[in-house]
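Per UniProt numbering, residue 1 is the first one in the sequence shown, and the count goes up by one each step.
Glycine included, each C-beta is placed from N, C-alpha and C at the ideal position.
Since the model is a prediction, treat every value here as computed from it, not as a measurement.
Scroll down for the structure; my scribbles are underneath it.
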Amino acid sequence: MEKNYKYFLVDYRAKKQIKALRNMGNNVIPVYSHPHLQSPVSAHPDMLIYSIYNHVIYAPGTSYTTLRAIRSLGFNLIKGATTLTCNYPGDIAYNIARIGNKIFHNLKHTDNVLRDILEKYGFTFVHVNQGYTKCNVCILNDYAVITEDKGIASVLEREGIDTLLLPPGNVRLPGYSYGFIGGASGALNDDILVFTGRIRDKAVSKRIEGFAEKHNKIIKYLSDNEIIDIGSIISLNQESL
């Protein structure tokens with residue numbers, strides 16, 4: 001199915017990226033801070049919200065302003081069962097990655113409500129040890145992914161997914177030593193992949209551009225500043241089966 005998303009969830013603090021997305025004709029819903037999460041990631045969409053078809057599953061305590069905006073667009077809001085806490089693994093329940101018909105996550109900590117919904121749609125679950133799974137994967141399509149996590153890369157390759165493994169440390173996340181490539185990117189549609197900024201290491205940047213070209217993706221940059229982890233640019237899917 002061709003993907004051409006209309007609405008995107010973005011950390012409200014990522015003002016430059018929000019402006020760039022809107023200037024490209026996209027609708028952006030700001031995600032506001034969750035009271036239980038560490039401040040640097042408190043408004044990261046991939047920590048709080050998961051969208052599947054017309055359903056939006058959210059962590060208890062997610063901003064009412066954000067949820068009201070999502071509901072106004074006609075999405076079915078479903079509260080998850082897991083109340084997030086500030087430290088790992090208490091903050092990973094909704095941070096899953098869907099690649100094709102497979103769900104990748106640390107399945108010991110997946111929210112039960114979210115898992116039940118995904119099971120009803122027939123997705124296959126694949127365990128990875130890394131709980132920040134969505135943060136750690138930049139998904140190009142159903143068959144190609146970029147990650148900095150060796151454990152995730154090993155599992156993805158075993159599942160037949162073309163995986164570009166990068167060295168960690170190229171993505172900035174204020175408050176932490178570094179962020180992750182998945183949290184610094186998002187797909188606008190089947191053709192366009194956006195990054196929040198530019199990777200300073202030219203060799204790494206060229207590897208990403210070559211991999212994207214291999215998979216027929218056009219890269220656009222939302223800023224000429226250093227790439228930054230903003231908790232992913234999450235599309236709200238109005239797909240149907």
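Host beta strand (DSSP E) of residue i (start-end)
| i | result |
| --- | --- |
| Asn27 | Asn27 to Val31 |
| Lys220 | Ile218 to Tyr221 |
| Lys79 | Asn76 to Lys79 |
| Arg172 | Segment: none, Arg172 is in no beta strand (DSSP E) and carries neither H nor E. |
| Thr62 | Neither: Thr62 is in no beta strand (DSSP E) and is coded neither H nor E. |
| Phe123 | Phe123 -> no beta strand (DSSP E), and no H or E assigned at all. |
| Thr147 | Ala144 to Thr147 |
Whole-angstrom distance between residue j and residue i, CA atom to CA atom
| i | j | result |
| --- | --- | --- |
| Ile227 | Gly74 | 33 angstroms |
| Ile78 | Tyr132 | 21 angstroms |
| Arg22 | Val28 | 7 angstroms |
| Leu107 | Val126 | 8 angstroms |
| Asn87 | Gln38 | 8 angstroms |
| His109 | Tyr7 | 28 angstroms |
| Val113 | Tyr58 | 10 angstroms |
| Lys15 | Val128 | 33 angstroms |
| Lys150 | Arg158 | 12 angstroms |
Bounding residues of the alpha helix (DSSP H) (the contiguous stretch that carries residue i)
| i | result |
| --- | --- |
| Leu21 | Lys15 to Asn23 |
| Ile233 | That residue, Ile233, is in no alpha helix (DSSP H); it is neither H nor E in DSSP. |
| Ala153 | Lys150 to Arg158 |
| Leu48 | Pro45 to Leu48 |
Within 8 angstroms, strictly: CB atoms of residue i and residue j
| i | j | result |
| --- | --- | --- |
| Phe195 | Tyr178 | no |
| Gly182 | Ser232 | yes |
| Leu164 | Ile152 | no |
| Glu148 | Pro167 | yes |
| Cys138 | Ser185 | yes |
| Ile96 | Phe104 | yes |
| Ile49 | Thr62 | yes |
DSSP-derived helix/strand/coil call for residue i
| i | result |
| --- | --- |
| Arg200 | coil |
| Ser39 | helix |
| Tyr7 | strand |
| Asp116 | helix |
| Leu67 | helix |
| Leu165 | strand |
Checklist entry - Three or more beta-carbon pairs under 8 angstroms between the region 85-101 and the region 136-146, yes or no? => result yes
Item to check | Three-pair Cβ contact test at 8 angstroms for the region 203-217 versus the region 63-83 | outcome: no
Checklist entry - Taking one C-beta from the region 29-46 and one from the region 8-18 each time, how about it: are there three or more such pairs within less than 8 angstroms? => result yes
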